[in-house]
Structure formats: structure tokens, C-alpha cells
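*Asks:* In my numbering, each residue's number is its place in the sequence shown (first place is 1) plus 360. Glycine included, C-beta positions come from ideal geometry on N, C-alpha and C.
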Amino acid sequence: MHPHLPRYELSRRALLRRTLLAGGALATAPLLAACGNDDADVFDSGDSATVPLSAPATSGASTTAPADTAATTAAPSGDALPAGAQLQVAFTYTASGGRVKNPYIAVWVETRAGELVQTISVWYSTREAKYLRELTNWYVTESNYLDAGGADTVASVSGATRNAGTYQLVWDGRDAAGNPVAQGDYVLLVESAREHGPHQVTSADISLGSEGFTVTLPDDGELTALSATYVV
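#1: Buried or exposed: where does E571 fall if 16 or more other Cβ atoms within 10 Å of its Cβ makes it buried?
#2: Taking G581 as the reference, give the member of E494, H559 and V500 with the closest Cα.
#3: DSSP beta-bridge partners for S552?
#4: Go through its chain and collect everything with a Cβ distance to Q478's Cβ below 6 angstroms, but skip five positions before and after it.
#5: For a test of the three-state rule: what should DSSP assign to D580, helix, strand or coil?
#6: Starting from T452 and walking both ways along the beta strand (DSSP E), at which residues does that stretch end?
#7: Could you have a look at Q503 and say whether DSSP puts it in helix, strand or coil?
#8: DSSP three-state call for A599: helix, strand or coil?
#9: If distances are taken between C-alpha atoms only, which option among E555, G544 and S485 comes closest to P442?
#10: Locate the beta strand (DSSP E) running through V530, then write down its first and last residues.
#11: Can you name the residues that DSSP bridges to A542?
#12: Is there a Cβ of chain B sitting closer than 7 angstroms to that of T501, yes or no?
#13: Apart from the five residues just before and just after P540, which ones in its own chain have a Cβ nearer than 7 angstroms to its Cβ?
#14: DSSP three-state call for S516: helix, strand or coil?
#15: Where does L577 land, buried or exposed, given buried means 16+ other C-beta within 10 angstroms?
#16: Shortest alpha-carbon distance to A564 belongs to which of Y464, L548 and T496?
#17: Could you give the distance in angstroms between the alpha-carbon of S456 and the alpha-carbon of H556?
#18: In whole angstroms, give me the CA-to-CA distance for K461 and G444.
#19: Considering only the alpha carbon of each residue, which of A435, V517, G474 and G569 lies closest to W483?
#20: For L492, does the three-state DSSP call read helix, strand or coil?
#21: Alpha carbon to alpha carbon, what distance is there between R459 and G569?
#22: Assuming L476 contacts E502 under a Cβ cut-off of 8 angstroms, what Cβ separation, rounded to an integer in Å, is found between them?
#23: With C-beta atoms as the reference, is Y464 less than 7 angstroms away from A524?
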């Protein structure tokens with residue numbers, strides 16, 4: 361069985377989130393503890409949403425999502441995404457230095473207010489699940505969602521840690537409760553952390569509607585070539 365998400369006390373989580381979001385930007389933090397070796401043998405092959413990178417379909421030129429300071433932070437409401445809509449998230453992880461352990465990686469979607477919409481995938485070692493907290497941004501967001509009464513669905517989106525390489529994940533446009541999300545503005549985030557290595561987090565604003573697009577996320581350390589393609 362997959363372990364449930366380890367939990368911070370509420371006061372510590374709230375303090376950590378305020379620290380991470382100080383100044384309106386997601387901050388990085390040093391990795392404080394070990395992450396695991398590749399543990400593919402302890403996961404069922406069907407658990408992972410990860411597939412080798414293939415050329416994603418695009419409906420326009422790749423652009424970096426601009427910051428929208430006027431955007432509301434209210435959760436989107438209204439019409440659901442078109443049937444069959446999906447978000448293809450691609451990234452490359454390149455370990456710096458010599459022989460290193462595989463990183464923990466989380467990819468998720470939030471509202472503009474910082475509330476969890478869905479964890480697309482999280483890679484970690486089941487033997488060292490306690491170190492999920494080193495994915496500080498994702499951990500706080502997921503924990504806040506659980507505190508608000510959300511279901512613990514981490515097991516359904518989990519995968520084993522992986523070697524350096526290029527990967528693609530696909531989000532089906534449903535929230536953590538399994539419901540199609542409303543058209544509107546969201547934030548896509550990718551975070552990584554590993555033993556004796558850097559901690560990275562990068563993000564981009566995305567507007568999901570009836571038209572496709574491709575957006576580029578900023579590179580951050582060992583995370584590069586990040587993009588998201590919305591296909592309708």
C-alpha cells in the first residue's frame with residue numbers, strides 16, 4: 361500500500377506557506393534530508409501517468425505566460441472544459457555533478473489563490489515517504505487541501521523516482537475529486553528536490569478554455585525545457 365501523506369501541524373504549514381510565498385513569488389528552499397534511489401520495483405507499472413516524451417500537438421507558437429496582475433484570485437466557475445481536453449506537461453531533468461540519487465518531483469495545478477486543483481503526478485520512494493515534505497511548495501498546498509476536507513489521492517497519482525531524462529505527463533482536466541474543472545485561470549507548477557542537491561520550483565499561469573495553446577515555463581537549475589500544451 362502507498363503511505364498517506366505525512367502531515368505538518370497546521371500552524372507550521374501556515375507559517376511555511378507564508379514564508380514560501382513572501383513577496384508574491386514562489387521561493388526555493390535548500391534540501392534538508394535524503395531522497396530515495398530509483399524504486400520502480402515497488403510500484404505497480406500502471407500507477408504512473410508518465411510516458412516518454414513525444415512531440416505534443418500545438419495550436420500556436422510557444423510563448424511564456426505573462427503575469428496577469430489584474431487577474432482575480434477567485435476559483436474559476438462556469439462552463440467545464442471541453443470534453444477530451446487535456447494538458448500535456450513536458451520537462452527535462454538533468455542531474456548536476458556525478459553519481460546522485462534520483463529526485464523527488466511533483467507536478468500540480470493550483471487556482472490563482474493557491475488552492476490545490478489536482479496533483480498531476482508526484483514521484484517519490486515509498487520507503488522514504490517522510491521526505492515528501494522536502495517538496496515544500498507542493499507539500500503545503502496538498503496538506504492545506506487535506507485540512508479543508510479533501511480526499512487523500514496521492515496514491516493514485518504516485519510514481520517511482522526516475523533517472524535523469526525527458527518526460528511528459530498528461531492531465532485530463534479533472535480536479536482531485538474527479539470532476540471536470542471550470543474554464544478559467546490556473547497556475548501550473550513543477551518542483552524537484554534530491555539528497556545533497558538543489559531544490560527547484562518553477563511555474564506558469566495558464567488560462568484553460570476552448571482554444572489550445574503552448575506555454576513555456578522558466579528553467580530552474582536541474583529542471584529545463586519545461587512546457588505545457590493544452591489540447592482541445
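*Replies:* This is what the structure holds:
#1: Exposed, by the Cβ-count rule.
#2: If we check each option's Cα against that of G581, H559 comes out closest.
#3: Beta bridge pairing from DSSP links S552 with I465 and Q560.
#4: Excluding residues within five positions, the ones whose Cβ falls inside 6 angstroms are V469, D535 and A536.
#5: In the three-state reduction of the DSSP assignment, D580 falls in the strand class.
#6: Residues Q446 to Y453.
#7: In the sequence as presented, Gln is not what sits at residue 503; that position holds Ser. Residue state, collapsed to three classes: helix.
#8: Outside the displayed span of the chain (361 to 592) sits residue 599, for which this structure offers no information.
#9: Comparing Cα positions, the closest option is G544.
#10: Unbroken beta strand (DSSP E) run through V530: G525 to W531.
#11: DSSP, once it has assigned bridges, lists A440 as partnering A542.
#12: This model lacks chain B altogether, as it is built from one protein chain only.
#13: The residues are A440, L441, G533 and R534.
#14: In the three-state reduction of the DSSP assignment, S516 falls in the helix class.
#15: Counting C-beta atoms within 10 angstroms of its own C-beta, L577 has 16 or more neighbours from the protein chains shown and is therefore classed as buried.
#16: Among Y464, L548 and T496, the Cα nearest to that of A564 belongs to L548.
#17: Cα to Cα, S456 sits roughly 11 angstroms from H556.
#18: Rounded to the nearest angstrom, the two C-alpha atoms are 37 angstroms apart.
#19: Taking only the C-alpha atoms, the option nearest W483 is V517.
#20: DSSP places L492 in helix when its eight states are reduced to three.
#21: Straight-line spacing of the CA atoms in G569 and R459 works out to 43 angstroms.
#22: Indeed they touch by this definition, with Cβ atoms about 6 angstroms apart.
#23: Result no, Cβ atoms of Y464 and A524 do not sit closer than 7 angstroms.
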